[in-house]
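The structure appears below as structure tokens.
Protein chains in written order, with our numbering: chain A, 17 to 127; chain B, 274 to 386.
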């Protein structure tokens with residue numbers, strides 16, 4: 017079973033920041049938070065991951081709360097191409113653990 | 274870099290038949306995982322291969338089997354196909370025994386009629 021909880025859907029206006037929340041209250045000390053997205057009929061695309069510090073790359077920023085029980089993925093300037101299902105996953109870094117996908121958040125960017 | 278490639282992209286099979294799906298991992302990756310994604314659901318882990326051995330397995334029956342070759346490419350075999358096996362089958366590769374982030378292929382859409 018997925019160890020994360022996400023809202024089923026969200027809307028965001030084009031050009032605005034999209035903030036996608038994720039709850040992972042049972043996360044263990046050796047588990048990272050990963051984000052993937054899946055654009056319709058394509059394979060999931062890796063976005064970003066982090067352990068406890070905030071992370072930023074060319075696609076997004078990841079903000080993890082101090083107690084690590086929740087996180088937020090931020091797309092700073094959303095475009096129509098960011099419309100997708102976004103999955104938040106917790107994964108242990110040791111032992112090459114599988115990815116356990118939940119239902120994700122369906123993000124719709126509106127013009 | 275071609276990324277993860279899967280073949281075929283689409284496939285239609287009859288109930289009871291057998292099917293083989295293929296995956297070539299991203300260059301430099303040595304670990305391959307397979308996932309099944311039913312319509313409207315998130316991907317479900319089938320199994321993972323590393324060093325030509327099945328290392329982890331999800332909750333799938335023995336009708337689902339796989340293989341990894343010395344060049345790290347992999348096959349997924351499904352025997353005695355059921356209508357419920359209709360799904361998008363995704364291959365993901367990762368490096369260093371699976372410790373790096375996984376990259377997914379575009380998937381094979383299997384329809385069982």
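Each residue gets a CB set at the ideal place from its N, CA and C atoms; glycine is no exception.
Since the model is a prediction, treat every value here as computed from it, not as a measurement.
With 16 other CB atoms within 10 Å as the buried threshold, where does residue i fall?
i                     : result
residue 285 (chain B) : exposed
residue 96 (chain A)  : exposed
residue 101 (chain A) : buried
residue 94 (chain A)  : buried
residue 342 (chain B) : exposed
residue 335 (chain B) : exposed
residue 40 (chain A)  : buried
residue 60 (chain A)  : buried
residue 280 (chain B) : exposed
Just checking my contact of residue i with residue j at CB under 8 Å: how many whole Å lie between their CB atoms?
i                     : j                     : result
residue 294 (chain B) : residue 349 (chain B) : 4 Å
residue 58 (chain A)  : residue 290 (chain B) : About 27 Å; that fails the 8 Å criterion.
residue 339 (chain B) : residue 323 (chain B) : About 12 Å; that fails the 8 Å criterion.
residue 329 (chain B) : residue 320 (chain B) : 6 Å
If we define contact as Cβ-Cβ less than 8 Å, is residue i a contact residue for chain B?
i                     : result
residue 60 (chain A)  : yes
residue 78 (chain A)  : no
residue 102 (chain A) : no
residue 40 (chain A)  : no
Counting only C-beta atoms, is residue i closer than 8 Å to chain A at any point?
i                     : result
residue 366 (chain B) : no
residue 275 (chain B) : no
residue 301 (chain B) : no
residue 306 (chain B) : yes
residue 376 (chain B) : yes
residue 337 (chain B) : no
residue 333 (chain B) : no
residue 316 (chain B) : yes
residue 354 (chain B) : no
Taking 6 Å as the limit between beta carbons, can you name the residues of its chain near residue i, skipping five residues before and five after?
i                     : result
residue 64 (chain A)  : 51, 71, 73, 76, 78
residue 88 (chain A)  : 35, 37, 79
residue 299 (chain B) : 276, 277, 366, 376
Just to confirm my understanding: we take residue i, look at its own chain, exclude 5 residues before and 5 after, and list those with CB closer than 8 Å. What are they?
i                     : result
residue 48 (chain A)  : 65, 66, 67, 106, 107, 108, 109
residue 13 (chain A)  : Absent from the structure is residue 13 (chain A), since the part of chain A shown begins at 17 and ends at 127.
residue 25 (chain A)  : 121, 122, 123, 124
residue 327 (chain B) : 320, 321, 339
residue 287 (chain B) : 354, 385, 386
Which residues in the same chain have their Cβ closer than 7 Å to the Cβ of residue i, if we skip the five residues on either side of it in sequence?
i                     : result
residue 99 (chain A)  : 123, 124, 125
residue 302 (chain B) : 345, 366, 367, 368
residue 27 (chain A)  : 124, 126
residue 84 (chain A)  : 43, 68
Meets three-Cβ-pair contact criterion under 8 Å: the region 309-326 of chain B and the region 111-121 of chain A: yes
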